[in-house]
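Under the numbering used here, residues 124 to 202 are what the sequence shown spells out, in order.
Cβ atoms here follow ideal geometry from the backbone N, Cα and C, with glycine treated the same way.
Because the structure is a prediction, the values reported are computed rather than measured.
Worksheet: the structure to be examined is printed underneath.
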Amino acid sequence: DSITAGACSSGGDAPYPQQMQIMLDQEHGEGAYAVTNLGACGSTMQKEADSPYWERPQYDALTAGTWDIVVIMLGTNDA
């Protein structure tokens, strides 16, 4: 959603995926983990909605990648 993507944030390190990257780098050293932001503004988990995540390019990137850890934020646009 837009919170993950960083829409209307103050920019820079404000979106939470970038903050997570900074914390992981500080704790485990740079390069130990790589955070990828696949947030899609206005998307919903509802497949029959106006903008389902399943039809966004971010979903294609998610399913094409190989991940060790996945963090998903659900429901903000589904309420």
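Check residue i in the structure and name its three-state DSSP category.
| i | result |
| --- | --- |
| T167 | strand |
| E153 | coil |
| M143 | helix |
| A137 | coil |
| T199 | coil |
| I126 | helix |
| D191 | coil |
| L185 | helix |
On the DSSP bridge list, what partners appear for residue i?
| i | result |
| --- | --- |
| P175 | T167 |
Taking 8 Å as the limit between beta carbons, can you name the residues of its chain near residue i, skipping five residues before and five after?
| i | result |
| --- | --- |
| A157 | Q144 |
| W177 | K170 |
Any contact of the region 175–193 with the region 140–150, i.e. 3+ C-beta pairs under 8 Å? no
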